[in-house]
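Undergrad: Can you read through this structure? Questions will come right after.
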Amino acid sequence: MAPFDRIPAELQQREQQGLYRRRRVIQSPQGRELVVDGRKLLNFCSNDYLGLASDARVRQAFVAGVGAWGVGSGASHLICGHSQVHHELETALAEFCGRERSLLFATGYAANMGTVDALLGRGDQVFEDRLNHASLLDGARLSGARLQRYRHRDLDDLEARLRRHNGDTARRLVVTDGTFSMDGTVCDITATAATARAHGAWLMLDEAHSLGVLGHGGRGLLADAADAQADVQVLVGTLGKAFGTQGGFVAGTAELVELLIQTARTYIYSTALPAAVAAATLMSLQLAEREEWRREKLRELTQQFRAGARRLGLDLVDSHTPIQPLLLGSEQAALQLSARLESAGFMISAIRPPTVPAGTSRLRITLTANHTPSDVAALLQALDEARA
């Protein structure tokens with residue numbers, strides 16, 4: 005049998021293992037409810053934490069952006085795709101994050117991969133939390149640097165690994181998620197920064213699931229840091245989660261941004277985001293910063309869900325973010341509970357390996373500012389009945 009002739013058997017094996025992935029065709033805008041196969045489902049698996057993806061003001065800004073700039077950017081930023089509104093968004097994001105400059109990427113994945121690859125090369129060392137997002141791990145592999153993965157949020161393990169290489173002249177980069185996307189756990193950024201600094205390493209923080217959600221004004225884990233730029237040299241954010249649009253960015257010193265413009269392959273060789281998306285994001289950034297009620301509501305709904313889940317004896321991760329994973333263990337258990345909940349009118353996707361480690365399949369329940377207390381109460385009741 006020729007090597008590629010095994011593809012049908014490989015697909016069948018994934019199906020048998022409960023690892024086959026299927027796309028759902030959504031027939032409505034993103035929001036509290038989604039229409040799937042003509043049926044309305046309460047959506048508890050979205051990253052639209054602040055409920056801005058379909059906000060009327062963001063929509064209007066996007067439509068106005070299309071009128072002013074068209075629907076495509078035409079080329080990469082370095083050819084002729086970098087418009088005035090792109091530049092305005094980069095300036096606004098830098099100010100929002102308390103940094104000298106920021107740089108837009110087409111996706112958060114591209115921002116992470118391109119940045120790690122641009123900063124490191126063969127002979128350098130990168131230290132990553134075991135539960136980091138795939139884009140951070142892929143960036144390390146692309147760079148050719150030596151990758152070491154330390155135990156999740158275990159700074160003793162990180163410190164020991166760094167100490168073994170004290171005196172090396174190679175560049176060393178510590179990389180971690182801020183809020184871990186599949187667990188909802190949060191990095192101890194103060195202690196992690198101190199550990200990296202003590203061993204002459206830079207720290208790169210991916211705030212994809214923190215910005216807009218955590219900290220004063222939605223500024224994430226670094227909102228109250230006195231000199232965040234000195235402690236966390238590389239800050240990454242995404243626009244397709246709490247900000248409700250699309251894209252990613254890196255923020256830091258002017259020198260860091262210039263280095264990425266010159267060397268980040270995922271920036272140099274990618275068509276720029278449509279300018280209309282940048283115009284919409286300028287609006288959503290203002291709303292995210294100004295409308296504190298969205299974060300307050302998220303905190304209240306999270307507390308309500310966790311209290312109810314404890315009463316039901318559900319196995320939750322110790323997360324106080326809008327990400328509330330329900331651990332189930334096996335792939336089949338996650339698929340079955342997801343299907344039962346869909347029958348009851350709820351959309352919550354089953355998360356299975358390789359997205360999470362083997363034996364930790366789960367439902368990743370996420371809350372948004374568009375949900376209501378009655379939605380959460382209904383979900384808890386449905387979970388209780390589905391288990392029975």
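Under our numbering, the first residue of the sequence shown carries the number 5, and numbering increases by one thereafter. Backbone N, C-alpha and C define an ideal beta-carbon position, used for all residues, glycine too. This one's a predicted model, so the numbers in the text were calculated from it and none came from an experiment.
Taking the alpha-carbon positions, what's the L141 to E132 distance?
TA: Distance between the alpha carbons of L141 and E132 is about 8 Å.
Undergrad: Alpha carbon to alpha carbon, how far is M351 from A202?
TA: 46 Å
Undergrad: Hey, is the segment 266-276 in contact with the segment 190-210, meaning 3+ C-beta pairs nearer than 8 Å?
TA: In short, these stretches do not touch, since the Cβ pair count stays below three.
Undergrad: Going by beta carbon distance, what residues of the same chain come within less than 6 Å of N51, once the five residues before and after it are set aside?
TA: For N51, where only same-chain residues beyond five positions count, the Cβ hits under 6 Å are K245.
Undergrad: What are the boundary residues of the alpha helix (DSSP H) that includes N47?
TA: First-last for N47: R43 to N47, but that is the beta strand (DSSP E), not the alpha helix (DSSP H).
Undergrad: Going by other Cβ atoms of all chains shown within 10 Å of its Cβ, with 16 needed for buried, is I11 buried or exposed?
TA: When all chains shown are included, I11 counts as exposed.
Undergrad: Alpha carbon to alpha carbon, how far is Q34 from L107?
TA: 27 Å
Undergrad: For L151, which of V178, R167 and L159 has the nearest alpha-carbon?
TA: V178
Undergrad: Just the Cα atoms here: how many angstroms apart are S342 and K44?
TA: C-alpha of S342 to C-alpha of K44: approximately 16 Å in a straight line.
Undergrad: Tell me the DSSP secondary structure of G143 in three-state form.
TA: helix
Undergrad: With DSSP run on the structure shown, which of helix, strand or coil describes Y154?
TA: strand
Undergrad: Give the straight-line distance between the Cα atoms of L371 and V380, rounded to the nearest whole angstrom.
TA: 9 Å
Undergrad: If distances are taken between C-alpha atoms only, which option among G143, N170, G69 and G219 comes closest to A283?
TA: Closest by C-alpha distance to A283, out of G143, N170, G69 and G219, is G69.
Undergrad: Any idea what DSSP makes of A392, helix, strand or coil?
TA: coil
Undergrad: Heavy atom of the ligand GTP less than 7 Å from the Cβ of S214, yes or no?
TA: Inclusion of the ligand GTP in the displayed structure is not the case, the ligand content being empty and no account of it being possible.
Undergrad: Within 8 Å, do at least three Cβ pairs link the segment 52-63 to the segment 284-292?
TA: yes
Undergrad: The alpha helix (DSSP H) with R26 in it runs from where to where?
TA: No alpha helix (DSSP H) holds R26; DSSP gives it neither H nor E.
Undergrad: L332 to A390, Cα distance in whole Å?
TA: One C-alpha to the other measures close to 13 Å.
Undergrad: Buried or exposed: which applies to W297, given that a residue is buried once 16 or more other Cβ atoms fall within 10 Å of its Cβ?
TA: exposed
Undergrad: Give me whichever residues DSSP pairs with G333 in a beta bridge.
TA: S365
Undergrad: Using DSSP's beta-bridge definition, name the partner residues of V217.
TA: Answer is none; V217 lacks a bridge partner.
Undergrad: At which residues does the alpha helix (DSSP H) containing T242 begin and terminate?
TA: Note, T242: premise wrong, no alpha helix (DSSP H); beta strand (DSSP E) at V238 to T242.
Undergrad: Can you tell me which of the three DSSP states M186 falls into?
TA: In the three-state DSSP reduction, M186 falls in the coil class, being neither helix nor strand.
Undergrad: Do you know offhand how far L387's Cα is from A174's?
TA: For L387 and A174, the distance between alpha carbons rounds to 51 Å.
Undergrad: Which residues mark the beginning and the end of the beta strand (DSSP E) in which E262 is found?
TA: From DSSP, E262 is part of no beta strand (DSSP E) but of the alpha helix (DSSP H) over A258 to T267.
Undergrad: Under the three-state reduction of DSSP, which class applies to L339: helix, strand or coil?
TA: helix
Undergrad: Using the three-state DSSP reduction, which class does G317 fall into: helix, strand or coil?
TA: coil
Undergrad: A114 and S274 - do their beta-carbons sit closer together than 8 Å?
TA: yes
Undergrad: Using 8 Å as the threshold, is the segment 235-254 in touch with the segment 204-215, meaning 3 or more CB pairs across them?
TA: In short, these stretches touch, since the Cβ pair count reaches three.
Undergrad: Return helix, strand or coil for D59, following the three-state DSSP convention.
TA: The three-state reading of DSSP puts D59 in coil, since its state is none of H, G, I, E or B.
Undergrad: Look at the Cβ atom of S147, then the Cβ atom of G171, and state whether they are nearer than 8 Å.
TA: no
Undergrad: So, under 8 Å CB-CB, A122 and L263 are touching, yes? Tell me the CB distance rounded to an integer number of Å.
TA: About 6 Å separates the CB atoms of A122 and L263; that is less than 8 Å, so the two are in contact.
Undergrad: Between which two residues does the beta strand (DSSP E) carrying D133 extend?
TA: Q129 to D133
Undergrad: Quick check: the Cα distance between A197 and A382, rounded to an integer number of angstroms?
TA: Cα-Cα distance, rounded: 41 Å.
Undergrad: Excluding the five sequence neighbours on either side, which residues of its own chain have a C-beta within less than 7 Å of the C-beta of H375, listed in chain order?
TA: R36 and L305
Undergrad: Using a 10 Å radius around the Cβ and a threshold of 16 neighbouring Cβ atoms, would you call E335 buried or exposed?
TA: buried
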